[in-house]
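Written out below as structure tokens is the structure these notes cover.
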Amino acid sequence: MMFSIKPAKKLWITVGDRYRMSFASIFGLLGLTLSSLVLAQTAQRKWVEPFEFTADERVQFTEALDKYPKRWMPDGIRPTSISAMRWLDNRRLVLSVREIPGWKARSDETSQIIVVNTDTVSIDPSPYRGELQCLSHQGRLIIRVPSRGEIQGPREADDVWQKGEWDQPLASVEWKKGHFIPTYLCEFSPYGSDLYSPDALSRDPKGYRDIPLLPQHGFLRETLGRDERGAWVRPIALHDSSGKITPLDGDPPLRNYVRYQPWSDTYFQSGTSLSGPTRILDPKGKSVLLPPPPLLIALGRRNVGSALSHGVAVGVLWAVYANTGYWRKQGMYLETPAGLQRIDEGGNGTEIEISPDGCRVASYNRKGDPSARGGPSPRILVIDLCSAERK
Numbered sequence: 367m368m369f370s371i372k373p374a375k376k377l378w379i380t381v382g383d384r385y386r387m388s389f390a391s392i393f394g395l396l397g398l399t400l401s402s403l404v405l406a407q408t409a410q411r412k413w414v415e416p417f418e419f420t421a422d423e424r425v426q427f428t429e430a431l432d433k434y435p436k437r438w439m440p441d442g443i444r445p446t447s448i449s450a451m452r453w454l455d456n457r458r459l460v461l462s463v464r465e466i467p468g469w470k471a472r473s474d475e476t477s478q479i480i481v482v483n484t485d486t487v488s489i490d491p492s493p494y495r496g497e498l499q500c501l502s503h504q505g506r507l508i509i510r511v512p513s514r515g516e517i518q519g520p521r522e523a524d525d526v527w528q529k530g531e532w533d534q535p536l537a538s539v540e541w542k543k544g545h546f547i548p549t550y551l552c553e554f555s556p557y558g559s560d561l562y563s564p565d566a567l568s569r570d571p572k573g574y575r576d577i578p579l580l581p582q583h584g585f586l587r588e589t590l591g592r593d594e595r596g597a598w599v600r601p602i603a604l605h606d607s608s609g610k611i612t613p614l615d616g617d618p619p620l621r622n623y624v625r626y627q628p629w630s631d632t633y634f635q636s637g638t639s640l641s642g643p644t645r646i647l648d649p650k651g652k653s654v655l656l657p658p659p660p661l662l663i664a665l666g667r668r669n670v671g672s673a674l675s676h677g678v679a680v681g682v683l684w685a686v687y688a689n690t691g692y693w694r695k696q697g698m699y700l701e702t703p704a705g706l707q708r709i710d711e712g713g714n715g716t717e718i719e720i721s722p723d724g725c726r727v728a729s730y731n732r733k734g735d736p737s738a739r740g741g742p743s744p745r746i747l748v749i750d751l752c753s754a755e756r757k
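If you count the sequence shown from 1, position 242 lands on 608 in the working numbering, and the numbers rise without skipping.
Structure follows, in structure tokens:
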């Protein structure tokens, strides 16, 4: 392609034989583009989310960082990346580790399963090795033993799975494809029908998905259909142990977001700051939907961070996972009849566990900016919610 400049009353630039444009036009377009960029950047600066809480946000919650007793568990515990942390009772935690003070696993060595006493802040061994997958409030457990150290096989079926009761010998069990493990049962349960494909209704008009509850409580069933306007609907209903069916309002729960609450004999369906309300369900079919606090909805919509709810004895606990740069707004927020309180400002990773009495909260906690390089490693933090509320 050749360029030539032809003298005239105006200077023109000719590109090949097709395009001619004056220098004045070019400079005009450049000026318009630069002006647009300046305006866009100005508008962007105008809508930048502040890293600190605003005055309007501050009035929507109370800082209560020192109100509830906190205990840090021993430093030097390195949990595995593919196991769960669970409560054995109201004071002891169980988890799989690759390293604790005085021991570090070789690359080909199976992980230890340890017991952490949150009262004495001490570590005790357990008779088990492997990756803890489930430990229910009734002492049932499932362990996955990878074929090589912490490295799981390419398929779940390649590893050894064991099931039994705590403090008892475990039996090998076959991993079941297309199943999940409810935390309160520690049994393999089938996913059910595919209700989310575009042709799901035509392929399987009677398809359903079940979430089993405790045997005496029945199960939750999600089905698929269309409403009077032809829109897809996925109704959810409680099928109790007597066969009675109670339709429930609200969206169907995700199977991993249903937890049993022993302290109240109810089920807790976790909600998020964007996707829907929290549900508390009793075995008789009474269902209460709780919307997220307005502050957390606003933070979610502005992409500051997402929040996930957890049931506790004194209310609802919201764990806020802040996006990069907004870590000053992260933490644990406790919602009670008295209002919303921020009880911790640390980054809480991806797992929070509630004790069987609903009073203690355990989390992998990291102070400051969780994405910062060279910062402190996460440690297990335990918060007692009930002692302060009783005062």
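Where a beta carbon is used, it is the ideal one built from N, C-alpha and C, also for glycine.
As the structure is a prediction and not an experimental result, all values here were calculated from the model.
Asked	Found
Closest by CA to Ala738, which one among Gly691, Leu706 and Ser729?	Gly691
Out of Glu719, Glu701, Ile718 and Tyr687, which one is the CA nearest neighbour of Gly734?	Tyr687
Could you check if Asp432 is buried or exposed, using at least 16 other CB atoms within 10 Å of its CB as the buried criterion?	exposed
If you run the structure through DSSP and keep just helix, strand and coil, what is Asn483?	strand
Glu531 and Arg510: beta carbons closer than 8 Å?	no
When burial is assigned at 16 or more other CB atoms within 10 Å of the CB, is Tyr557 buried or exposed?	exposed
Helix, strand or coil, according to DSSP, for Asn622 in the structure here?	helix
Mark Leu748 as exposed unless 16 or more other C-beta atoms lie within 10 angstroms of its C-beta, in which case mark it buried.	The sequence given here has Val at residue 748, not Leu. Per the 10 Å Cβ criterion, buried.
State buried or exposed for Pro445, treating a residue as buried only when at least 16 other CB atoms are found within 10 Å of its CB.	buried
May I have the straight-line CA-CA distance separating Gly330 from Glu553, to the nearest angstrom?	Lying before the first or after the last residue shown, residue 330 is absent from the chain, which here runs from 367 to 757.
Any idea what DSSP makes of Arg569, helix, strand or coil?	helix
Rounding to the nearest angstrom, what Cα-Cα distance links Trp598 and Leu604 in this structure?	20 Å
Am I right that Arg780 and Glu594 are in contact with their C-beta atoms under 8 Å? What's the rounded C-beta distance?	There is simply no residue 780 to check, as the chain begins at 367 and stops at 757 in what is shown.
Using alpha carbons as the reference points, say which of Ile448, Arg694, Lys695 and Asp631 lies closest to Asp525.	Ile448
Thinking just about the alpha-carbon of each residue, which of Glu719, Gly697, Asn714 and Phe585 is nearest to the one in Leu614?	Phe585
Who are the near neighbours of Gln582 in its chain, counting only those whose CB is closer than 7 Å to its CB and skipping five residues on each side?	Ser607
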